[in-house]
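The next block holds one structure in the form of structure tokens; read it before the comments.
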Amino acid sequence: MLETLFSPKSVAVVGASRTQGKLGYAVLSNIIQSGFSGHIYPINPKADEILGLPCYASLDDVEGEIDLAVIVIPAKFVVEVLETCGERNVGSAIVISAGFRETGHEGLMAERKMAELAEKYHMRTVGPNCLGVIDTLTPMNASFAVGMPRQGRIAFMSQSGALCTSILDIALAQEIGFSHFVSLGNKADLNEIDFLQAWAKDSESKVVMAYLEGIADGARFIQTARQLTKHKPIIAIKSGSTSAGSRAVSSHTGTLAGSERAYEAAFKQAGVLRAGSVGELIDLSVALAYQPLPRNEQVAIITNAGGPGIMATDAIERCGLRLASLSQETMDGLRQALPSAASVLNPVDVLGDALADRYRAALQSTATDPNVGALLVILTPQFMTEIEETAHAVREVADHSDIPVLACFMGEANTEAGAKILANHNVPNYVVPERAVAALKAMVDQRQWQERPLPQIETFDVDRERVARIFQRVRTDGRLQIGDAEARDILAAYGIPIPASKLCPTVEEAVAFAEEIGYPVVMKIASPDILHKTDIGGVRLNIESASDVRDSFDLLTFRAMRYMPDAEIWGCLVQQQVRGGKEIITGMNRDPQFGPLVMFGLGGIYVEVLKDVSFRIAPFSRREANEMMREIRSFNLLRGVRGEAPSDIEAISDTLLKVSQLVADFPDIVEMDINPLMAFEKGRGVMGIDMRLVLSP
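Start counting at 1 in the sequence shown, then tack on 47, and there's your number in my numbering.
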């Protein structure tokens with residue numbers, strides 16, 4: 048798909064320079080020094096030769112075909128040069144030049160023109176405002192980065208050029224290998240989704256590592272990433288995700304949502320492993336690139352010190368993994384190989400005076416135990432420790448093992464030689480046990496994700512036309528907000544049970560309906576301008592008689608006119624009072640990147656205080672709906688505690704799926720809440736008590 052970008056036979060550097068320190072010099076020098084074997088054409092009208100290569104005044108002066116153009120010239124000339132590239136049938140372009148959308152409107156217009164040219168000439172373009180592209184397989188370093196990483200199995204992309212240089216420097220120090228190394232820049236044409244698609248088919252790239260600041264097409268990202276992660280892990284770090292945006296929100300869901308919640312849900316649904324720091328991004332990527340996935344979540348630890356073994360054990364338990372129960376055969380073998388003072392239980396303590404042969408014996412016995420899913424080898428540098436020889440023992444076992452072997456050579460100065468041996472043989476090494484365990488947890492998560500079937504989206508028989516008519520009527524009235532009096536018809540249309548209720552414009556109608564359905568009843572002020580009725584005292588409970596209905600009608604309308612004198616008052620909604628059950632909430636806020644972000648949690652007035660909620664991007668599967676419920680800390684309250692009957696979990700799951708279908712069916716819904724949604728005992732279902740909804744302008 049991107050052959051001319053990663054594996055070109057010829058490269059033109061537009062803006063090549065004779066002056067050291069300039070970008071045009073650095074890029075040309077890097078291409079030459081990286082060992083690129085194809086044709087290199089420096090383009091500079093003021094030079095005859097640069098770095099021993101003949102120079103050309105323009106692209107039109109080059110007689111041969113050009114697969115890739117690397118553009119390092121002032122921004123104002125870039126569009127013209129790209130037009131020439133297109134006319135010359137250049138396959139791909141890397142625009143390193145800055146000065147585009149980051150500078151304002153004029154730069155943005157130039158960037159859009161670049162995208163038009165890329166589409167017109169079928170010329171895939173990286174950038175602008177990027178560091179460049181490195182491919183270790185070709186090899187080719189078409190960037191102005193310092194250094195060339197060694198060949199490896201990790202494909203890396205970043206929206207930050209500065210982060211690219213930092214990670215490259217770390218990789219050079221730690222001898223981490225990459226297959227491809229891409230600085231995305233402003234993404235005028237090629238973006239993160241294009242590279243995910245390309246690397247899905249790349250047999251040399253075992254892991255995709257990414258630094259992301261924003262994703263333009265969230266739905267397409269989820270779809271593409273979900274397919275890729277079923278056979279190849281993606282580890283991503285996401286920055287700039289703490290703000291929900293400047294648009295005001297009126298729903299509980301909107302208040303609790305935000306781009307951080309959306310990215311968290313999207314990564315979860317796409318199987319993307321999220322790193323919390325650059326260090327963790329590298330830790331996880333190296334482990335997944337070079338070691339097999341664990342066969343189960345049970346970890347065996349071999350250590351020459353008790354304290355670090357306990358630290359690793361604590362980390363394993365905290366993250367949901369387990370210490371492996373070693374078989375009797377394994378423990379018998381350990382007893383024969385180790386001193387009597389050693390511990391043959393897991394963690395296996397080979398003692399502080401252990402030489403390399405003792406480590407080797409313990410490793411060989413433990414690695415073949417069928418109960419062990421992964422192996423963690425801890426070494427602390429003591430006077431008699433054979434660090435380099437032990438590193439060789441670890442890598443020998445790792446080379447012949449079908450389970451992951453991770454090392455934790457604790458220290459730095461004294462363990463450096465051993466760490467280099469491990470790095471050269473692709474055995475991940477971590478300076479503290481917690482980092483190694485975090486990598487193992489990610490590997491187990493990846494294994495479990497790959498074993499999960501792709502989600503199947505259920506649909507229900509609903510009345511979409513009924514909802515469409517309600518929306519049309521609301522828009523005709525010049526409104527965008529829909530309160531409970533109208534919203535209950537939307538719930539009914541999508542098969543969500545609602546209590547018996549009626550909008551009563553007069554007190555006489557309110558009394559008549561209350562008598563019809565029986566007491567007690569609830570009364571709510573009905574107004575298209577009042578969504579949060581409790582804020583103005585617009586709800587009355589436990590109404591037991593006709594006189595109470597009359598008093599409540601007068602009181603609710605008085606409060607509404609007092610606190611919101613300009614509000615249109617329709618009357619009161621009289622509603623059957625529902626007793627029993629637990630209050631929960633579900634709703635949706637439409638995220639600008641990913642679309643409908645559905646929320647679930649405990650309901651009532653405390654939802655924004657406790658914030659015990661979970662999110663998914665709609666549409667989602669029943670399995671994902673069930674995971675939403677189990678993710679909240681208070682889920683045990685729904686399962687039943689201290690003799691309480693469990694709530695109807697299946698009915699809650701159905702409701703979440705119906706909400707998912709509703710907000711996917713109607714993209715003009717930007718916010719909605721069902722709060723509370725009453726969940727009754729198992730077998731008795733749920734009931735939507737109150738709903739509010741906001742349409743897009």
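Glycine included, each C-beta is placed from N, C-alpha and C at the ideal position.
- The DSSP-derived three-state label of V255 is strand.
- For V137, the secondary structure class from DSSP, reduced to helix, strand or coil, is coil.
- Excluding residues up to 5 positions away in sequence, P693, D695 lie with their Cβ nearer than 6 Å to the Cβ of K729 in the same chain.
- In the DSSP secondary-structure assignment, K571 is bridged to V586, L620.
- For H227, the enclosing beta strand (DSSP E) covers residues 224 to 230.
- F191 sits buried, since 16 or more C-beta atoms from the chains shown fall within 10 Å of its C-beta.
- Leaving aside the five residues that flank L129 on each side, the residues in its chain whose CB is nearer than 7 Å to its CB run, in chain order, A140, M161, L164.
- When C-alpha distances from C619 are compared across P612, D638, V596, E630, the shortest belongs to V596.
- In the structure shown, T350 adopts extended strand secondary structure according to DSSP, grouped into three states.
- Bridge pairing for C551: C619 [DSSP].
- Counting other Cβ atoms within 10 Å of its Cβ, L501 stays below 16 and is therefore classed as exposed.
- The three-state reading of DSSP puts H439 in helix, counting H, G and I together.
- As the crow flies, the alpha-carbon of V474 is around 38 Å from that of G138.
- If you draw a straight line from the Cα of V654 to the Cα of E512, it comes to about 32 Å.
- As a beta-bridge residue in DSSP terms, F662 pairs with M646.
- In the DSSP assignment, S64 falls outside any alpha helix (DSSP H), carrying neither H nor E.
- Each of T212, G232, A247, R197 was checked against the Cα of F225, and the nearest Cα belongs to R197.
- Using a 10 angstroms sphere on the CB of Q67, the tally of other CB atoms stays under 16, which defines it as exposed.
- Judged by DSSP in its simplified three-state form, K729 adopts coil rather than helix or strand.
- Our two residues, V119 and I214, have alpha carbons roughly 23 Å apart in a direct line.
- Minimum Cα-Cα distance from G353 among the listed residues A313, D396, E376 corresponds to D396.
- Measuring C-alpha to C-alpha distances from A94 to each of R499, S306, S105, G85 identifies S105 as the nearest.
- As for any beta strand (DSSP E) of minimum length 3 sitting wholly inside the stretch 90 to 177, the runs are 115 to 118, 139 to 142, 171 to 173, ordered along the chain.
- If the five residues before and after E96 are omitted, its C-beta is found closer than 7 Å to the C-beta atoms of C102, all from its own chain and listed in chain order.
- Counting along the chain, A401 sits inside no beta strand (DSSP E), nor does DSSP assign it H or E at all.
- Taking a cut-off of 8 Å on C-beta distances, the stretch 710 to 725 does not touch the stretch 484 to 502, as fewer than three cross pairs fall below it.
- Contact annotation: the stretch 581 to 597 does not touch the stretch 534 to 545, with fewer than three C-beta pairs closer than 8 Å.
- Assignment of N722 by DSSP, reduced to helix, strand and coil, places it in the strand class.
- In the same chain as L578, and ignoring 5 residues on each side of it, the C-beta atoms closer than 7 Å to its own belong to S297, Q528, G530, R739, in chain order.
- One alpha carbon belongs to T360, the other to E327, and they sit about 19 Å apart.
- The beta carbon of S76 lies closer than 8 Å to those of L98 in the same chain, with the five residues before and after it left out.
- Per DSSP, reduced to three states, the secondary structure at Y88 is strand.
- The stretch 270 to 290 and the stretch 315 to 324 touch, with three or more beta-carbon pairs separated by less than 8 Å.
- Residue environment: Y310 is assigned as buried (16 or more neighbouring CB atoms within 10 Å of its CB, all protein chains considered).
- Beta-bridge partners assigned by DSSP to C455: I425.
- Look at the beta carbons and you see the stretch 165 to 177 not touching the stretch 57 to 67: under three pairs across the two are nearer than 8 Å.
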